[in-house]
Amino acid sequence: MSLDASYLDYPKRRRGMDHDYYPYSSLFDRKPVHWPNYKRLLIWPVISLEYFPMVPNDDPFRAPGHMQTAYPDYRHYTAREYGTRIGIYRLLGAFEKVGAKVSVATNSVIADRYPQLVEDILSGGHEIIGHSTDMNGTIASGMAENDEKALIERSLAALEKAAGARPRGWLSIARSQSFNTAKLLTEAGVDYMCDWVNDELPYAFQTDAGPITNIPLNHELSDRQIINVQQQSVDSYAQQMTDAAAWLLAEAEQYGGRMLPMHLTPYIMGLPYRIGRFEKLIAGFADRNDIGFARGDAILDSWKAQT
């Protein structure tokens, strides 16, 4: 059976995706990136600091990690609260030991409920980025544009009030966006988003409201995916991160600087039987002259200065 002639007339048939957000680009054909202080690999730690309401909202979807059993689900509620009481401080302490500054994707309810926690994050030299209002603040297509715009503004405004500066970055819950999200983030003054995971370096992203940068936050290497979803050990997590760093360093010798996201969850990695192995992992990275740690805004500024 022959194809209809109109099949070959598809107006966006071209290399890459059929949209105008960004052009197709192979990672291996780009101008090399050179990170500050001659680092060949920058590790970008992102801690998801989240508040889970006791009653989950399933519209448009239930956030990963949310309550599971019949209300009131004290077991999961308090397990998640462990992250804001204990786990977050263990992670911040681990990074302090190696002198690393990180990005903390923060639900704005955290700023309302735990202002001292926000102060402690900032006093450590870390960056706060937007992460919706709470873990009921999910986004997906079908959500009214005005409702999504209001949710983004509530989150950013509360974090700006607590931190004294508007967040430059944004991470959606479950990295889920609607068709309007990138445009709305641009309108809200956000410089970079972390939701599109189709690359290993920042790239320019065009919206109807102007440009925004996407810094890809890898999903497969997150502690939630490896430890909770795949039920692997923290030793397996550390080995996979080490393997990823080794591969990227080898690529950097030929193609220029590389970036390795490190997405962390306080109530997962901050547990006492995991944090020791995690500290050993990042200490090993910190001991290398060719590896550095960086916040998202620092990666953004360095990358933009070279493009």
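Residue 156 in my numbering sits at position 82 of the sequence shown, and the numbers go up by one each step. Positions of the beta carbon are idealized from the N, C-alpha and C atoms, including for glycine.
Original post:
Can you tell me the Cα-Cα spacing of Asp361 and Ala236, whole angstroms?
Top reply: Within the sequence shown, the letter at position 287 stands for residue 361. Within the sequence shown, the letter at position 162 stands for residue 236. If you take the alpha carbons of Asp361 and Ala236, they lie about 34 Å apart.
**OP:** For the alpha helix (DSSP H) containing Tyr329, list its first residue and its last residue.
**Re:** Sequence index remark: in the sequence shown, residue 329 carries index 255 (1-based). It spans Val308 to Tyr329 - the alpha helix (DSSP H) in which Tyr329 sits, taken as one unbroken run.
Original post:
Between Phe126 and Arg154, is the Cβ-Cβ spacing less than 8 Å?
Top reply: Reading the sequence shown from its first residue, position 52 is the one you call residue 126. Reading the sequence shown from its first residue, position 80 is the one you call residue 154. A contact, by the Cβ cut-off of 8 Å.
Original post:
Is Phe367 helix, strand or coil when you go by DSSP?
Top reply: For the purposes of this step, residue 367 is identified with residue 293 of the sequence shown, where counting begins at 1. DSSP places Phe367 in the strand class (E or B) of the three-state scheme.
Original post:
How big is the Cα-Cα spacing for Ser296 and Leu338?
Top reply: Translated into positions along the sequence shown, residue 296 becomes position 222. Translated into positions along the sequence shown, residue 338 becomes position 264. Straight-line Cα distance between these residues: approximately 6 Å.
Subject >> Cβ neighbours of Glu219 in the same chain (closer than 6 Å, five flanking residues each side left out) >> reply: The sequence position of residue 219 within the sequence shown is 145, counting from 1. Once the five neighbours on either side are set aside, the close Cβ partners of Glu219 are Asn254.
**OP:** Report the residue from Lys257, Ala214 and Gly204 whose alpha carbon sits nearest the alpha carbon of Ala232.
**Re:** Stepping through the sequence shown from its first residue, residue 232 is reached at position 158. Taking only the C-alpha atoms, the option nearest Ala232 is Gly204.
Original post:
Unbroken beta strand (DSSP E) runs of length 3 or more, entirely within the stretch 170-204: which are they?
Top reply: Those beta strand (DSSP E) runs which fall completely within the stretch 170-204 and span 3+ residues are 177-180 and 201-204.
Original post:
Measuring CA to CA, which of Ser252, Val271 and Ile226 is closest to Tyr262?
Top reply: Within the sequence shown, numbered from 1, the residue matching residue 262 stands at position 188. Strictly speaking, residue 262 in this sequence is Ala, with Tyr absent from that position. Checking every option, the nearest Cα to that of Ala262 belongs to Ile226.
Original post:
Is Ile382 near Thr158, with beta carbons less than 8 Å apart?
Top reply: Because residue 382 is not part of the residues shown, which for the chain are 75 to 381, the question remains open.
Original post:
Can you list, in chain order, the residues of its chain whose CB lies under 7 Å from that of Tyr329, leaving out five sequence neighbours each side?
Top reply: Counting from 1 along the sequence shown, the entry for residue 329 is found at position 255. Here the set comprises Phe102 and Pro106.
Original post:
In its own chain, which residues sit with a C-beta less than 7 Å from the C-beta of Arg240, not counting the 5 before and 5 after it?
Top reply: To locate residue 240, count along the sequence shown from 1; it is residue 166. Cβ neighbours of Arg240 beyond the five flanking positions: Leu230, Glu234 and Gly263.
Subject >> Every unbroken beta strand (DSSP E) inside the stretch 84-140 [3 residues or more] >> reply: With a minimum length of 3 residues, the unbroken runs of beta strand (DSSP E) contained wholly in the stretch 84-140 fall at 115-123.
Original post:
Glu124 and Met209 look like a contact to me (Cβ under 8 Å); what is the Cβ gap, rounded to whole Å?
Top reply: On the sequence shown, position 50 is the one that residue 124 refers to. On the sequence shown, position 135 is the one that residue 209 refers to. With 8 Å as the limit, Glu124 and Met209 qualify as a contact, their Cβ atoms being about 5 Å apart.
Original post:
Ordered along the chain, which non-local residues of its own chain (more than five positions away) have a Cβ less than 6 Å from that of Ile349?
Top reply: For the purposes of this step, residue 349 is taken as the residue at position 275 of the sequence shown. Cβ within range, chain order: Arg164.
Subject >> Beta-carbon proximity of Phe279 to Asn292, cut-off 8 Å >> reply: Along the sequence shown, read from residue 1 onward, the residue named residue 279 stands at position 205. Along the sequence shown, read from residue 1 onward, the residue named residue 292 stands at position 218. No, these two residues do not count as a Cβ contact at 8 Å.
Original post:
What residue range is occupied by the uninterrupted alpha helix (DSSP H) comprising Leu355?
Top reply: Residue mapping note: residue 355 aligns to position 281 of the sequence shown, counting from 1. Where Leu355 is concerned, the enclosing alpha helix (DSSP H) stretches over Ile349 to Ala360.
Original post:
Any idea if Met321 is buried or exposed, counting beta-carbon neighbours within 10 angstroms, 16 or more meaning buried?
Top reply: Working through the sequence shown from its first residue, we reach residue 321 at position 247. Here residue 321 is Trp; the residue named in the question, Met, does not match the sequence. With fewer than 16 Cβ atoms within 10 Å of its Cβ, Trp321 is classed as exposed.
**OP:** Kindly identify the DSSP beta-bridge partner or partners of Gln280.
**Re:** To locate residue 280, count along the sequence shown from 1; it is residue 206. Beta-bridge pairing links Gln280 to Pro285.
Original post:
Which stretch, first to last residue, makes up the beta strand (DSSP E) that contains Pro335?
Top reply: Translated into positions along the sequence shown, residue 335 becomes position 261. Arg332 to Leu338 is the extent of the beta strand (DSSP E) around Pro335.
Subject >> Residue(s) in a DSSP beta bridge with Tyr266 >> reply: Along the sequence shown, read from residue 1 onward, the residue named residue 266 stands at position 192. Here Tyr266 is bridged, per DSSP, to Gly243 and Thr287.
**OP:** Let me know the secondary structure DSSP gives Met343 once reduced to three states.
**Re:** Counting from one through the sequence shown, the residue named residue 343 turns up at place 269. Residue state for Met343 is assigned as helix, using DSSP reduced to three classes.
**OP:** For His140, count neighbouring C-beta atoms within 10 Å of its own C-beta (all shown protein chains included) and say buried if the count is 16 or more, exposed if not.
**Re:** Counted from its first residue, the sequence shown places residue 140 at position 66. Residue burial is scored here from C-beta neighbours: His140 has at least 16 other C-beta atoms within 10 angstroms and is therefore classed as buried.
**OP:** Tell me whether Asp265 is buried or exposed, calling it buried when 16 or more other Cβ atoms sit within 10 Å of its Cβ.
**Re:** The sequence position of residue 265 within the sequence shown is 191, counting from 1. Looking at its Cβ environment, which holds 16 or more other Cβ atoms inside 10 Å, Asp265 is buried.
Subject >> Neighbourhood of Met128 by C-beta, 8 Å cutoff - its chain only, sequence neighbours within 5 removed >> reply: Here residue 128 corresponds to residue number 54 of the sequence shown, with the count starting at 1. The answer, listed in chain order, is Met141, Tyr145, Pro146, Asp147 and Tyr151.
**OP:** Assign Tyr277 to buried or exposed, taking buried as 16 or more other Cβ atoms, counted over all protein chains shown, within 10 Å of its Cβ.
**Re:** Start at 1 with the first residue of the sequence shown, and residue 277 comes out as number 203. Buried, since its Cβ has 16 or more Cβ neighbours within 10 Å.
**OP:** Please report how far the alpha carbon of Gly216 lies from the alpha carbon of Asp269, in whole angstroms.
**Re:** Counted from its first residue, the sequence shown places residue 216 at position 142. Counted from its first residue, the sequence shown places residue 269 at position 195. C-alpha separation (whole angstroms): 18 Å.
Original post:
For Leu116 versus Ile373, is the C-beta spacing smaller than 8 Å?
Top reply: Position 42 of the sequence shown, counted from the first residue, corresponds to residue 116. Position 299 of the sequence shown, counted from the first residue, corresponds to residue 373. The Cβ-Cβ distance between Leu116 and Ile373 falls below 8 Å.
Original post:
So, Val178 versus Ile160, is the Cβ gap smaller than 8 Å?
Top reply: Translated into positions along the sequence shown, residue 178 becomes position 104. Translated into positions along the sequence shown, residue 160 becomes position 86. No, these two residues do not count as a Cβ contact at 8 Å.
**OP:** Alpha carbon to alpha carbon, how far is His93 from Ile121? Give it in angstroms, no decimals.
**Re:** Numbered from its first residue, the sequence shown carries residue 121 at position 47. Numbered from its first residue, the sequence shown carries residue 93 at position 19. Cα-Cα distance, rounded: 31 Å.
**OP:** Would you mind sorting Tyr98 into buried or exposed? The rule is 16 or more other CB atoms within 10 Å of its CB.
**Re:** One-based indexing of the sequence shown puts residue 98 at position 24. Its Cβ having fewer than 16 others within 10 Å, Tyr98 is exposed.
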